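Here is the structure we will look at.
There are 2 protein chains.
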Amino acid sequence: MTEQVTPRARNVFVPHAFAEKQVDLGEVVLNYAETGTPGKPALLLIPEQTGSWWSYEQAMARLAGDFHVFAVDLRGQGRSTWTPKRYSLDNFGNDLVRFIALVIRRPVIVAGCSSGGVLAAWLSAYAMPGQIRGAFCEDAPLFSSELAPAYGHSIRQGAGPAFELLCKHLGDQWSVGDWAGFIAAAKVSSSKVVRFFGTSGEPPQNLKEYDPEWARAFVEGTVALHCPHERMLSQVKTPVLITHHVRMTDPDTGEMLGSFSDLQAEKVQAIIRGAGVRVDYESFPDMPHVMHAGDPARYAEVLTAWAAKLPPVEGA
Amino acid sequence: MTEQVTPRARNVFVPHAFAEKQVDLGEVVLNYAETGTPGKPALLLIPEQTGSWWSYEQAMARLAGDFHVFAVDLRGQGRSTWTPKRYSLDNFGNDLVRFIALVIRRPVIVAGCSSGGVLAAWLSAYAMPGQIRGAFCEDAPLFSSELAPAYGHSIRQGAGPAFELLCKHLGDQWSVGDWAGFIAAAKVSSSKVVRFFGTSGEPPQNLKEYDPEWARAFVEGTVALHCPHERMLSQVKTPVLITHHVRMTDPDTGEMLGSFSDLQAEKVQAIIRGAGVRVDYESFPDMPHVMHAGDPARYAEVLTAWAAKLPPVEGA
Numbered sequence: 001m002t003e004q005v006t007p008r009a010r011n012v013f014v015p016h017a018f019a020e021k022q023v024d025l026g027e028v029v030l031n032y033a034e035t036g037t038p039g040k041p042a043l044l045l046i047p048e049q050t051g052s053w054w055s056y057e058q059a060m061a062r063l064a065g066d067f068h069v070f071a072v073d074l075r076g077q078g079r080s081t082w083t084p085k086r087y088s089l090d091n092f093g094n095d096l097v098r099f100i101a102l103v104i105r106r107p108v109i110v111a112g113c114s115s116g117g118v119l120a121a122w123l124s125a126y127a128m129p130g131q132i133r134g135a136f137c138e139d140a141p142l143f144s145s146e147l148a149p150a151y152g153h154s155i156r157q158g159a160g161p162a163f164e165l166l167c168k169h170l171g172d173q174w175s176v177g178d179w180a181g182f183i184a185a186a187k188v189s190s191s192k193v194v195r196f197f198g199t200s201g202e203p204p205q206n207l208k209e210y211d212p213e214w215a216r217a218f219v220e221g222t223v224a225l226h227c228p229h230e231r232m233l234s235q236v237k238t239p240v241l242i243t244h245h246v247r248m249t250d251p252d253t254g255e256m257l258g259s260f261s262d263l264q265a266e267k268v269q270a271i272i273r274g275a276g277v278r279v280d281y282e283s284f285p286d287m288p289h290v291m292h293a294g295d296p297a298r299y300a301e302v303l304t305a306w307a308a309k310l311p312p313v314e315g316a
Numbered sequence: 001m002t003e004q005v006t007p008r009a010r011n012v013f014v015p016h017a018f019a020e021k022q023v024d025l026g027e028v029v030l031n032y033a034e035t036g037t038p039g040k041p042a043l044l045l046i047p048e049q050t051g052s053w054w055s056y057e058q059a060m061a062r063l064a065g066d067f068h069v070f071a072v073d074l075r076g077q078g079r080s081t082w083t084p085k086r087y088s089l090d091n092f093g094n095d096l097v098r099f100i101a102l103v104i105r106r107p108v109i110v111a112g113c114s115s116g117g118v119l120a121a122w123l124s125a126y127a128m129p130g131q132i133r134g135a136f137c138e139d140a141p142l143f144s145s146e147l148a149p150a151y152g153h154s155i156r157q158g159a160g161p162a163f164e165l166l167c168k169h170l171g172d173q174w175s176v177g178d179w180a181g182f183i184a185a186a187k188v189s190s191s192k193v194v195r196f197f198g199t200s201g202e203p204p205q206n207l208k209e210y211d212p213e214w215a216r217a218f219v220e221g222t223v224a225l226h227c228p229h230e231r232m233l234s235q236v237k238t239p240v241l242i243t244h245h246v247r248m249t250d251p252d253t254g255e256m257l258g259s260f261s262d263l264q265a266e267k268v269q270a271i272i273r274g275a276g277v278r279v280d281y282e283s284f285p286d287m288p289h290v291m292h293a294g295d296p297a298r299y300a301e302v303l304t305a306w307a308a309k310l311p312p313v314e315g316a
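Chains as they are written, first to last, in full-length UniProt numbering: chain A, 1 to 316; chain B, 1 to 316.
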């Protein structure tokens, strides 16, 4: 099993409102959609785990007037290459560094949801000089998606039990594909998060396009092994917007429900401020985790208002 | 402990025959030396673990007539930035991708020794399209520097016991600095490799410039966790030259001495050939591990002869 798994080998896709393109980055062929206005600020949208670029489809339509918009499938998402044993924040992030260098080719605002929001912070810290103007971390599991975070609860709570069942029943590269087993296990799981990933007899479209090895990399903690969030946050170099959506403590189990906790949100801000960088924090307790799909109008409004305050591009 | 450790904080360096320059790659400032002839083929030299760019000093003088030569300090080597908790093949490799994009800016032949040779293979497999013309892996510990390789012995043999003592007695970022303890432990170690790293009362210059966390990343296997060598080798895209230097089985302990075994060398070639890529193999059982420093004339001769056979750059 030494060949790259390519989207060509799979026949699970459906049409979308925006045309899809591909770019060869060396190891992976990255799939993306582009829309908007070339003279306007460049904007890179990075989807959540188990999502593909088209979770932004409604938001893109609303952003097209104010931005030149690019939305990508990361490796292991959508039509981009699957890379067994090579899912890490650094590899996801460096794919985006290459994408910005080869496709966008000018300073860009990055906005990611969930894991994609962690990658927005990664880009602010670790991209090539001058590539990033600002990073919007949409309900991103900072600290909470690590196995042994510096602050607060770990990936073994929250979404962890769901990821554990996804990788067990679907298998790396869908090598198991036991959807019925996932549903049966989800029904009796004590974790209420598990049910969010599907309850019907057929896997939802987003999961069909997802390499379940992503889930294993998160549950086992290897995805962030070389990228402790505390260190990454201490090295962000651009303004950051943190939004924080629905969260609560499950009264039945004491488990934290939501992407990250209030304590973790406070620590994130303190570390970024300590780095001498501007951080804005907005709490939306009424918003779903994937606000850009659940309320695309509100999402576009929040993003556009924050982007308007960013320092202009030097020399532009 | 959230700040990057920079070479500026240390005062351990000595002058060299070639001027040193620095380039900001985003996360790290990379130190390098440049010489040779700009009209000639570009050549990137990648030093061995515990080495700095200047292990190539003698070889560079011999290569300057035929190449435009760049020799680098990787993160954690020489004057380049130290990056605690972030030493991985993928991070080392992507620094070089950026260096080629920002400094060399044309297709390049890459030649690395030991771990640097593993990175030459990494670049052939994973760099951006068109960046790499060929990869020279000088006595590179393919498979043998992994914790659980697909073929042959692991890092816990060979250089492993030496790395274990280096990281224990020197500590991440020299936080322990117990050189006397290292020497005492080396004297009674059953591993004959340990003595190669120093026997006198003062650490050698190369070790003074080295972040011992490198050693820990290798002993613990995290350096290659997201980069199984078997998969990497199956994805090389350019011609590869493998040289194989002194190696033997220790008659006292049965331990493999040398960078990698004959079995591993055979598997490396079979996998690269299976990828449809040309691989040349040259055995030099009389040559030391770091041939480019031990016999720079012979090294330059081998490299130059192989480079002359590479396909020309398209459009050049």
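Just so you know, even glycine gets a beta-carbon here, dropped at the ideal spot from N, CA and C. Everything numeric in this text was worked out from a predicted model, so none of it was measured.
Proximal chain B residues relative to A135 (chain A), where beta-carbon distance stays under 8 Å
Near A135 (chain A) there are no residues of chain B at all, since even the closest Cβ is about 14 Å away, more than 8 Å.
Take V108 (chain A) and list the residues in its own chain whose beta-carbon comes closer than 6 Å to its own, dropping the five residues that flank it on each side.
A42, L44, I100
Three-state secondary structure (DSSP) of A135 (chain A)
strand
Can you tell which of B:F284, B:G294, B:K21 has its C-alpha closest to the C-alpha of residue 327 (chain B)?
Only positions 1 to 316 of chain B appear in the structure, and residue 327 (chain B) is not among them; the question remains open.
Identify whether Y32 (chain B) lies in helix, strand or coil by the three-state DSSP scheme.
DSSP places Y32 (chain B) in strand when its eight states are reduced to three.
In chain E, what lies closer than 9 Å to D73 (chain A) by C-beta?
In summary, chain E is missing from the structure at hand, where the protein chains are A and B.
Starting from S283 (chain A), trace the beta strand (DSSP E) both ways and give me its first and last residue.
Where S283 (chain A) is concerned, the enclosing beta strand (DSSP E) starts and stops at 279 to 283.
T253 (chain B) by DSSP, collapsed to three states: which one?
Residue state, collapsed to three classes: coil.
Have a look at E122 (chain A) and R195 (chain A) and give me their C-alpha separation to the nearest angstrom.
It should be pointed out that residue 122 (chain A) corresponds to Trp in this sequence rather than to Glu. Going by the C-alpha atoms only, they are around 29 Å apart.
Would you say T222 (chain B) lies against chain A (beta-carbon separation less than 8 Å)?
Yes, contact with chain A.
Where G39 (chain A) falls: helix, strand or coil (DSSP)
coil
With 16 other Cβ atoms within 10 Å as the buried cut-off, status of E266 (chain A):
exposed
Pop quiz: T243 (chain A) and D95 (chain A) are said to be a contact at Cβ under 8 Å. What is the actual Cβ separation, rounded to whole angstroms?
Not really, about 24 Å apart at Cβ, beyond 8 Å.
Under the three-state DSSP convention, the category R298 (chain A) falls into
helix
Show which residues of chain B have a CB atom less than 7 Å away from the CB atom of G26 (chain A).
Y126, A127, M128, P129
With a floor of 4 residues, list each alpha helix (DSSP H) that falls wholly inside the segment 77 to 143 of chain A, ordered by position along the chain.
89 to 99, 115 to 126
Buried versus exposed call for Q131 (chain A) [16 or more other C-beta atoms within 10 Å across all chains shown]:
buried
Burial state of R273 (chain A), where buried means 16 or more other Cβ atoms lie within 10 Å
exposed
Within 8 Å (strictly less), CB to CB, does N31 (chain A) reach chain B?
no
Cutoff 8 Å: S189 (chain A) Cβ touching any chain B Cβ
Output row for S189 (chain A): interface = no.
Buried versus exposed call for P311 (chain B) [16 or more other C-beta atoms within 10 Å across all chains shown]:
exposed
Is the CB-CB distance between P161 (chain A) and S189 (chain A) below 8 Å?
yes
Length at least 3, wholly inside the segment 209 to 250 of chain A: the beta strand (DSSP E) runs in chain order
Every unbroken stretch of the beta strand (DSSP E) spanning 3 or more residues and falling wholly within the segment 209 to 250 of chain A is given here in chain order: 240 to 244.
Under 8 Å, do A125 (chain B) and K237 (chain B) count as touching if we go by C-beta distance?
Their beta carbons are under 8 Å apart, which means A125 (chain B) touches K237 (chain B) by this criterion.
DSSP-derived helix/strand/coil call for Q157 (chain A):
coil
For L44 (chain B), does the three-state DSSP call read helix, strand or coil?
DSSP places L44 (chain B) in strand when its eight states are reduced to three.
Considering only the beta carbon of each residue, do P129 (chain A) and G26 (chain B) sit closer than 8 Å?
yes
Measure the Cβ-Cβ separation of H68 (chain B) and G36 (chain B) and say whether it is below 8 Å.
yes
Can you pull the chain A residues whose beta carbon is under 7 Å from the beta carbon of P228 (chain B), in chain order?
K85
Report the residues of the segment 94 to 110 of chain B with a CB closer than 8 Å to any CB of chain A, ordered along the chain.
N94, V97, R98, A101, L102
Leaving out five residues on either side along the sequence, give the residues of the same chain with a beta carbon under 8 Å from the beta carbon of E3 (chain A).
The predicted model places E3 (chain A) with a pLDDT of 47, which falls under 50 and marks its position as unreliable; any figure quoted below should be read in that light. Excluding sequence neighbours, E3 (chain A) sits near nothing in its chain.
Along the chain, where does the alpha helix (DSSP H) that runs through residue 330 (chain A) open and close?
Because chain A spans 1 through 316 in this model, residue 330 (chain A) falls outside it and cannot be assessed.
Assign D172 (chain B) to buried or exposed, taking buried as 16 or more other Cβ atoms, counted over all protein chains shown, within 10 Å of its Cβ.
Buried, by the Cβ-count rule.
My understanding is that C227 (chain B) touches L89 (chain B), with C-beta atoms under 8 Å, so please give their C-beta distance in whole angstroms.
In this structure C227 (chain B) is in contact with L89 (chain B), their Cβ atoms being roughly 4 Å apart against a cut-off of 8 Å.
How many Å lie between I155 (chain B) and W54 (chain B) at the Cα?
26 Å
Which residue's Cα is closest to the Cα of P149 (chain B): B:Q264, B:V290, B:V110, B:R106?
B:Q264
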